[in-house]
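K.L.:
One structure, as structure tokens, below. Some questions next.
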């Protein structure tokens, strides 16, 4: 936490992107989280990803629930739309917003309490429905705002700062998302921006339900010996299956790799996800195998990270519902209420 | 790269760009903070310790600190780049110094006491200019009997004779020279030293030569002799004005030369009746030796500066000067060969230009002159007639004779003279105590955490975005009429505070402790200038390209930690760090701390004598 506003001055070589903004223009207010919080690194990664994607800030809507994680949308994209909703209810508010205006880029920011405890039902359904969003779960395994009780994602056997050992089974949000039909599922670590930033970019470009579980150490309550969400523990047990290079178009690809060393996934919007294999046998296009792989490695105490699953031809909520291309909020009265003649026609069709 | 040894006195010193650039290494941010706090006496004393003449230098210093100031590297370029718009500018360090001098109360009680017991050593200083006065100030409180000789009746040297009163009022000189003479220094006024041999014969333990560069260079072109009555050497003329021997000048004056003396000649002429005064220089306007602000001040007073004109002939009618003929030249740069990039002034072939005038002031440089030092007295001179002087100890080939100021290495400026004075005083002290003058202890360095509370520092770490404030000027209608009316008024206290707040406190250093770092990236994320990176180690040239923002300024160091847990290192580019302390505020473990670096230069006295403990590198 800092009291001062970050000075406006910047490095002389600070670049502008295609839409004329510097990375600093994507910042928000000064963070009031604890010093060293992993969430601040995630905010910095979102800033970096949006800058690199040349996103116009007014085209982004960031929604969140309650908790340390859910405070963070105030600390990035200060010129974007924001909605701080009720605890665990971000998914339904976001679904509504997405239905009303399908043209915005939706960022759902949540935490382990917000998504895996009070909001687990909401989380399940937004994944199921395939709402086009980037769901970022800032996962630290504790309730930081209430002084560090275990959350539902805390691993069995991990120790709290007070020395209490957790006996409950953890909710694995990545497996959950895979089972529920999310079409872009990744896990990363707040302390590894090189992995995280491309994953966020790929998720934003993905036209469907994209979910990233980001292990984000709570420096105040969960960064000690015995914790499985500490900087040290995650670094020691991080098992990355691949490295993602995000390319906005196929033409933009400027680095060649040996055949077989990479998997290219073309997305709907023309972007290409190039995955540099770390585990050669890992196939991120196979959902069932992915689930198995994660379960197997989890049993060994490893934290599987990287882009775990992607469905290149994902469909979203609007496709499921067969809605019109024009955002609802742009439809006017004549289109929404076509009149008695149109109604008569519909009624006739049902007779 | 090897981990940075932050215990080396130079490492953090270099980060304080202003202090590093100052020949006397004045702790600039320290006194600027004191000014902001309204502690003018303390600010003055900090200055007085290191540069001896705060009031004088606050008006006349050549300010090597300002071009070095980090502020000018971190400000945004002005919007639209409109000419005259506030550009990226350094803190007005020099004029803040004057604020301390102007606003202080009586500080005489804080000056060193005149020692009751002398140490029996006698030191003669030739010339009573800034270099000699500094030697006297450093030695007298240590019990030395210092004798200053000067041909003039008042001490001050070129400060008094060459700097016009409208830039530096006489009271300021009297005050600050007086502080030194009040330390029990003997001043032999009007006693010019004519023979080194005779001086040495008087049995002084050491002699310091601070006689300046007293001879103005002449211009030997046709018409010089014939029109001699109306052609004067700039520094001699300025000195005659200072002492009241010259009170008038003709209406049309041409000043030849492009240094600060030339600018002073121009501006003095404007005040003594010169209506059409111009400066004409050989080189291009940009390459002129005068400081940019002195050129501006001259032009502000309606003095045009014409460039690329080489004087060819003084025209005259029966000994009455009518003007000067100039050849037009252009700058050409050697494309290759041994002197690649060297500038030559080549005639353009255009017809010569003639400028009419009634009087000419020649300010084309100064020379040293030592006609009074006998060739056989043991002091060696080089082929250019300069004494052979050790660059560090300032000792000549005769061990008990030392040189400093312009007399040592040719014309420089007051602040260099002061720096030489300090060093020569150390040498003389060591010499008189029977020690090796070459063995000089390094300066003392203090690093002190500025942490006061969780987010509280003992310095104002919020970065002000204000642009540099202009020093107010008196109306030209007043200043051009009277040569004694000072042009600059100086900052008032409120403006001084605002200008002081522009200082980035570069002496409050970011100190990193590797063992405490958990590599959470918090400092990387918060740093407004992208100074901090965590990456794998490498050679410096390679590392500089791999940081979060490229470290292109090779004059600025990289601060590199030892290897961290993940095998990476922390590398911080010192170049554009705002010293805002946000890294330390965001650091959860205190791996970053803001620590004030205070440098104590080794001055004459017990501190400069043999101690020199062996120093181990400080692990980070």
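Chains as they are written, first to last, in this note's numbering: chain A, 1 to 351; chain B, 352 to 971. By construction, the Cβ of each residue, glycine as well, lies at the ideal position given by its N, Cα and C atoms.
Excluding the 5 residues preceding and the 5 following residue 73 (chain A) in the sequence, name in chain order all residues of the same chain whose CB lies nearer than 6 angstroms to its CB.
P.N.:
Here the set comprises 62, 64, 82, 109.
K.L.:
Measuring straight from C-alpha to C-alpha, what distance separates residue 817 (chain B) and residue 200 (chain A)?
P.N.:
The alpha-carbon atoms of residue 817 (chain B) and residue 200 (chain A) are separated by roughly 38 angstroms.
K.L.:
On a CA-only basis, which of B:583, B:449, B:874 is nearest residue 938 (chain B)? Give me that one, please.
P.N.:
Ranking B:583, B:449, B:874 by Cα distance to residue 938 (chain B) puts B:874 first.
K.L.:
Return the chain-ordered ranges of every alpha helix (DSSP H) run that is complete within the segment 469-550 of chain B and spans a minimum of 4 residues.
P.N.:
As far as the segment 469-550 of chain B is concerned, its whole alpha helix (DSSP H) runs of at least 4 residues are 481-490, 509-512, 521-532.
K.L.:
Give me the Cβ distance between residue 872 (chain B) and residue 904 (chain B), rounded to the nearest whole Å; I'm assuming they're in contact under 8 angstroms.
P.N.:
Incorrect: roughly 24 angstroms between the Cβ atoms, too far for contact.
K.L.:
Compare the C-beta of residue 909 (chain B) with all C-beta atoms of chain A and state if any pair is closer than 8 angstroms.
P.N.:
False, the Cβ-Cβ gap to chain A never drops below 8 angstroms.
K.L.:
Under 7 angstroms between beta-carbons, which chain B residues line up against residue 252 (chain A)? List them in chain order, please.
P.N.:
Ordered by position in chain B, no residue passes the 7 angstroms Cβ test against residue 252 (chain A), which lies about 22 angstroms from the chain.
K.L.:
Confirm, please, whether the CB-CB distance from residue 561 (chain B) to residue 482 (chain B) is below 8 angstroms.
P.N.:
It is a contact, given that the beta carbons lie within the stated cut-off.
K.L.:
So for residue 601 (chain B), helix, strand or coil by DSSP?
P.N.:
In this structure, residue 601 (chain B) counts as coil in the three-state DSSP scheme.
K.L.:
Look up residue 234 (chain A) in the DSSP assignment and say whether it is helix, strand or coil.
P.N.:
Correct three-state label for residue 234 (chain A): helix.
K.L.:
If we call anything under 8 angstroms between Cβ atoms a contact, is residue 118 (chain A) one with residue 144 (chain A)?
P.N.:
Not in contact: residue 118 (chain A) and residue 144 (chain A) (Cβ atoms no closer than 8 angstroms).
K.L.:
Please name the residue, chosen from B:574, B:737, B:924, B:793, that lies closest to residue 711 (chain B) on a Cα-to-Cα basis.
P.N.:
Looking at the Cα atoms, B:574 is the closest of the given residues.
K.L.:
Nearest to residue 80 (chain A) by alpha carbon, out of A:185, A:107, A:4, A:263?
P.N.:
If we check each option's Cα against that of residue 80 (chain A), A:107 comes out closest.
K.L.:
Does the beta carbon of residue 8 (chain A) come closer than 8 angstroms to any beta carbon on chain B?
P.N.:
Cβ-Cβ to chain B under 8 angstroms: yes for residue 8 (chain A).
K.L.:
So, at 7 angstroms on beta carbons, what are the nonlocal neighbours of residue 452 (chain B) in its own chain, with the 5 sequence-adjacent residues on each side left out?
P.N.:
Same-chain partners within the cutoff: 395, 405, 406, 409.
K.L.:
With a floor of 3 residues, list each beta strand (DSSP E) that falls wholly inside the segment 405-459 of chain B, ordered by position along the chain.
P.N.:
Runs of the beta strand (DSSP E) inside the segment 405-459 of chain B: none found.
K.L.:
Give the interface partners of residue 41 (chain A) over in chain B, defined as CB-CB distance under 9 angstroms, in chain order.
P.N.:
Within chain B, the residues near residue 41 (chain A) are 871, 872, 873, 875, 876.
K.L.:
From the beta carbon of residue 436 (chain B), is the nearest beta carbon of chain A less than 8 angstroms away?
P.N.:
With a pLDDT of only 49 at residue 436 (chain B), under the threshold of 50, the placement of this residue in the model should not be trusted; the figure read from the coordinates follows. Not closer than 8 angstroms to any Cβ of chain A, the Cβ of residue 436 (chain B) fails to qualify, so no.
K.L.:
Hey, is residue 237 (chain A)'s beta-carbon within less than 8 angstroms of any beta-carbon in chain B?
P.N.:
Not one chain B Cβ lies under 8 angstroms of residue 237 (chain A).
K.L.:
Write down the C-beta distance between residue 288 (chain A) and residue 275 (chain A) rounded to the nearest angstrom, noting that I regard them as a contact closer than 8 angstroms.
P.N.:
Not really, about 18 angstroms apart at Cβ, beyond 8 angstroms.
K.L.:
Going along the chain, which unbroken runs of the alpha helix (DSSP H) with 4 or more residues stay wholly within the segment 148-217 of chain A?
P.N.:
Counting whole runs of 4 or more residues, the segment 148-217 of chain A contains the alpha helix (DSSP H) stretches 173-180, 193-205.
K.L.:
Should the segment 596-609 of chain B be regarded as contacting the segment 625-633 of chain B, the criterion being three or more beta carbon pairs within less than 8 angstroms?
P.N.:
Contact between the segment 596-609 of chain B and the segment 625-633 of chain B is present, because at least three Cβ pairs lie under 8 angstroms.
K.L.:
According to the Cβ coordinates, are residue 796 (chain B) and residue 950 (chain B) closer than 8 angstroms?
P.N.:
Yes, they are a contact pair.
K.L.:
So, residue 538 (chain B) versus residue 479 (chain B), is the Cβ gap smaller than 8 angstroms?
P.N.:
Yes, they are a contact pair.
K.L.:
One question on the structure: do residue 758 (chain B) and residue 490 (chain B) come within less than 8 angstroms of each other, judged by their Cβ atoms?
P.N.:
Taking 8 angstroms as the Cβ cut-off, residue 758 (chain B) and residue 490 (chain B) do not qualify as a contacting pair.
K.L.:
Which bits of chain A does residue 931 (chain B) rub up against, with CB to CB less than 8 angstroms?
P.N.:
Per Cβ cutoff of 8 angstroms: 4, 7.
K.L.:
So, do the segment 165-178 of chain A and the segment 150-157 of chain A have three or more beta carbon pairs nearer to each other than 8 angstroms?
P.N.:
With a cut-off of 8 angstroms, the segment 150-157 of chain A and the segment 165-178 of chain A count as touching, because enough Cβ pairs lie within range.
K.L.:
Considering only the beta carbon of each residue, do residue 704 (chain B) and residue 660 (chain B) sit closer than 8 angstroms?
P.N.:
For residue 704 (chain B) and residue 660 (chain B), yes; Cβs fall inside 8 angstroms.
K.L.:
To the nearest angstrom, report how far apart residue 233 (chain A) and residue 744 (chain B) are at their CA atoms.
P.N.:
The alpha-carbon atoms of residue 233 (chain A) and residue 744 (chain B) are separated by roughly 58 angstroms.
K.L.:
Taking a cut of 9 angstroms between CB atoms, which residues from the segment 212-237 of chain A lie near chain B?
P.N.:
Listed by position along the chain: 217, 219, 220, 223, 230, 231, 232, 235.
K.L.:
Sort out for me which residues DSSP pairs residue 955 (chain B) with in a bridge.
P.N.:
In DSSP, residue 955 (chain B) forms no bridge with anything.
K.L.:
Does residue 15 (chain A) come out as helix, strand or coil in the three-state DSSP assignment?
P.N.:
Coil at residue 15 (chain A), not helix or strand.
K.L.:
Rounded to whole angstroms, what is the Cα-Cα separation between residue 44 (chain A) and residue 190 (chain A)?
P.N.:
Roughly 10 angstroms between the two C-alpha positions.
K.L.:
Could you spell out where the beta strand (DSSP E) holding residue 121 (chain A) opens and where it closes?
P.N.:
That residue, residue 121 (chain A), is in no beta strand (DSSP E); its alpha helix (DSSP H) goes 120-129.
K.L.:
Would you kindly work out how many angstroms separate the C-alpha atoms of residue 322 (chain A) and residue 205 (chain A), rounded to a whole number?
P.N.:
When rounded, the distance between both Cα atoms is 21 angstroms.
K.L.:
Do residue 134 (chain A) and residue 314 (chain A) have their C-beta atoms within less than 8 angstroms of each other?
P.N.:
Their beta carbons are not under 8 angstroms apart, which means residue 134 (chain A) does not touch residue 314 (chain A) by this criterion.
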